[in-house]
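Below: one structure, written as structure tokens.
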Amino acid sequence: RATASSQAIKPINKGVVHRICAGQVILDLSSAVKELVENSLDAGATSIEICLKEYGEERFQVIDNGCGISPDNYKVVALKHHTSKMTNFTDLQSLTTYGFRGEAISSLCALADVTIETRTKNETIAAHLSFDHSGVLIGERKTARQVGTTVTVTKLFSNLPVRSKEFKRNIRKEYGKLISLLNAYALIAKGVRFVCSNTTAKNAKSVVLKTQGSDSWKDNITTVLGVKIFCCLQPVNIDMPDGCKVDGFVSKPGQGSGRNLGDRQYIFVNSRPVDIPKVNKLVNELYKAANSKQYPIVIMNFSLPTKECDVNVTPDKRKVFLSAETSILLALREGLNQIYSPTSACYTVNNFG
Ligand code: ADP
Ligand code: MG
Numbered sequence: 005r006a007t008a009s010s011q012a013i014k015p016i017n018k019g020v021v022h023r024i025c026a027g028q029v030i031l032d033l034s035s036a037v038k039e040l041v042e043n044s045l046d047a048g049a050t051s052i053e054i055c056l057k058e059y060g061e062e063r064f065q066v067i068d069n070g071c072g073i074s075p076d077n078y079k080v081v082a083l084k085h086h087t088s089k090m091t092n093f094t095d096l097q098s099l100t101t102y103g104f105r106g107e108a109i110s111s112l113c114a115l116a117d118v119t120i121e122t123r124t125k126n127e128t129i130a131a132h133l134s135f136d137h138s139g140v141l142i143g144e145r146k147t148a149r150q151v152g153t154t155v156t157v158t159k160l161f162s163n164l165p166v167r168s169k170e171f172k173r174n175i176r177k178e179y180g181k182l183i184s185l186l187n188a189y190a191l192i193a194k195g196v197r198f199v200c201s202n203t204t205a206k207n208a209k210s211v212v213l214k215t216q217g218s219d220s221w222k223d224n225i226t227t228v229l230g231v232k233i234f235c236c237l238q239p240v241n242i243d244m245p246d247g248c249k250v251d252g253f254v255s256k257p258g259q260g261s262g263r264n265l266g267d268r269q270y271i272f273v274n275s276r277p278v279d280i281p282k283v284n285k286l287v288n289e290l291y292k293a294a295n296s297k298q299y300p301i302v303i304m305n306f307s308l309p310t311k312e313c314d315v316n317v318t319p320d321k322r323k324v325f326l327s328a329e330t331s332i333l334l335a336l337r338e339g340l341n342q343i344y345s346p347t348s349a350c351y352t353v354n355n356f357g
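Quick note: the sequence shown, position 210, residue 214 per the UniProt record's numbering, numbers continuous.
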């Protein structure tokens with residue numbers, strides 16, 4: 005093994021750098037599809053269809069009815085750090101879109117074969133675009149399509165040998181994680197219809213998720229998790245200091261989901277699905293006082309001023325920094341204590357219509 009000091013320092017080939025960095029943005033199947041679904045939501049879509057082939061291993065496609073991509077942008081859409089959502093650093097403090105770094109499409113290009121079909125309301129005909137691994141537009145032809153965008157990603161990770169092997173080995177697990185993430189978007193994205201289907205060589209197309217795109221939590225929870233689960237939930241609405249609040253649902257004291265830790269616990273910050281393990285830990289701990297045998301289902305959306313949270317902590321944007329974390333957790337504890345303390349009315353009264 006050579007020691008570092010004995011070698012000349014040289015820049016890494018640009019394409020290699022791109023592939024390395026792309027592998028940090030697109031970690032797995034669910035982070036890849038997540039980026040596309042978020043782009044569709046950012047484009048104002050009210051219908052998003054996710055089509056998988058062989059659980060996503062062979063191909064996945066996200067089809068939306070959003071605003072589409074205008075012809076001026078065909079050449080730059082897949083270039084690294086090209087975005088229509090942010091220009092200045094200060095924009096980061098007032099972001100209301102899911103995306104902002106212009107990394108997703110370019111990263112997917114680096115790790116897979118990517119094509120885009122798109123049309124805005126200003127065109128009468130759509131374009132079919134193909135890109136090389138550096139995100140350069142290499143093919144463009146006309147095609148028929150409604151207004152909106154379809155992104156097709158084929159053979160993800162085929163040029164990252166280790167990841168590719170892991171990906172194929174764990175594909176069922178990755179698929180499960182993806183469905184759970186899509187459930188999270190279907191719960192939180194009001195007025196957006198989601199359909200997800202999977203096609204395999206053995207089985208014809210099977211629809212694994214289908215929602216109506218309702219504006220109400222109740223409809224979305226009933227469609228995604230089932231009416232039985234909905235009836236076991238208790239609404240949570242807690243006002244917190246500094247204009248923060250949390251809305252959502254948790255299991256009623258005696259009616260947990262009974263499965264594993266973290267199962268069906270959906271946490272959102274300003275409607276973005278995120279991981280805040282401290283919240284799960286707190287809810288689980290308080291729930292335990294009321295019900296030691298089960299775990300609670302948790303659906304919670306924290307609404308915070310955009311300048312109070314930083315989602316740019318990890319490349320996959322799942323981790324967030326909340327400047328008011330301590331006071332938020334404290335207020336959550338107080339609010340949940342009212343539901344889960346043994347003297348709570350929720351024990352005896354079904355106060356949820
Ligand atoms: P980001 O979302 O951070 O801007 P992406 O690489 O995900 O970066 O997308 C790059 C750009 O491509 C977006 O800023 C947007 O303008 C455009 N785009 C991507 N997907 C879609 C879509 N489904 N509908 C409309 N525009 C899209
Ligand atoms: Mg994006």
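Virtual Cβ for every residue (Gly too), placed ideally from N, Cα, C.
Since this is a predicted model, take the numbers as computed values, not measurements.
Handout entry: Within the stretch 264-339, ranges of the alpha helix (DSSP H) (whole runs, at least 4 residues)
Key = Those alpha helix (DSSP H) runs which fall completely within the stretch 264-339 and span 4+ residues are 281-294.
Practice task
Would you grab the beta carbon distance between T154 and Q65 for me? Rounded to a whole angstrom, and I think it's under 8 Å.
Solution key: 6 Å
Exercise for the section: Compare the beta carbon distance of H132 and T147 with 7 Å and say whether it is the shorter of the two. Expected result: yes
Practice task
Could you pull out every residue in the same chain whose Cβ sits closer than 7 Å to the Cβ of G258, ignoring the five residues on either side in sequence?
Solution key: Beyond the five residues adjoining it in sequence on each side, G258 comes within less than 7 Å, by CB distance, of N295 in the same chain, given in chain order.
Handout entry: Distance, A293 Cα to A108 Cα
Key = A straight line joining the alpha-carbon of A108 with that of A293 spans about 43 Å.
Handout entry: Bounding residues of the alpha helix (DSSP H) (the contiguous stretch that carries P165)
Key = Annotation for P165: the continuous alpha helix (DSSP H) segment containing it runs P165 to R173.
Practice task
Name, in chain order, the residues that DSSP records as bridge partners for E53.
Solution key: I67 and V199
Exercise for the section: Assign L141 to one of three DSSP states: helix, strand, or coil. Expected result: Of the three classes helix, strand and coil, the one that applies to L141 here is strand, per DSSP.
Practice task
Could you work out which residue in T158, L160, S162 and D117 is closest to I142 when comparing CA atoms only?
Solution key: Nearest Cα to I142 within the set T158, L160, S162 and D117: D117.
Handout entry: Three-state secondary structure assigned by DSSP to T215
Key = coil
Problem - Which of helix, strand or coil DSSP assigns to S261 - result: coil
Handout entry: Length of the line joining the Cα atoms of V315 and Q342
Key = 30 Å
Problem - A193 beta carbon near ligand 2 (any heavy atom closer than 6 Å) - result: no
Problem - Exposed unless 16 or more other CB atoms sit within 10 angstroms - verdict on I30 - result: buried
Exercise for the section: Give a single yes or no on whether N274 has its beta carbon closer than 6 Å to a heavy atom of ligand 1. Expected result: no
Exercise for the section: Sort A26, L334 and P319 by Cα distance to K285 and report the nearest one. Expected result: Checking every option, the nearest Cα to that of K285 belongs to L334.
Handout entry: Endpoints, the alpha helix (DSSP H) within which K38 is located
Key = L33 to D46
Handout entry: Bounding residues of the beta strand (DSSP E) (the contiguous stretch that carries V240)
Key = L237 to D243
Exercise for the section: Confirm the yes/no value for this check: CB of D136, any heavy atom of ligand 1, distance under 6 Å. Expected result: no
Practice task
Measuring alpha carbon to alpha carbon, tell me which of V324, Y291, K18 and S327 ends up nearest A114.
Solution key: K18
Handout entry: Start-to-end residues for the beta strand (DSSP E) that takes in A131
Key = A130 to F135
Practice task
Could you check the C-alpha separation between S327 and K282 for me, to the nearest Å?
Solution key: 14 Å
Problem - Touching by the beta-carbon criterion (3+ pairs, under 8 Å), the stretch 184-194 and the stretch 151-166 - result: no
Problem - From I13, C235, I183 and V254, residue whose alpha carbon lies closest to that of V211 - result: I183
Practice task
Please classify V151: does DSSP put it in a helix, a strand, or coil?
Solution key: coil
Exercise for the section: Can you give me the start and stop residues for the beta strand (DSSP E) that I225 sits inside? Expected result: I225 -> not in any beta strand (DSSP E); alpha helix (DSSP H) instead, spanning W221 to L229.
Handout entry: Any non-hydrogen atom of ligand 2 within 6 Å of G103 CB
Key = yes
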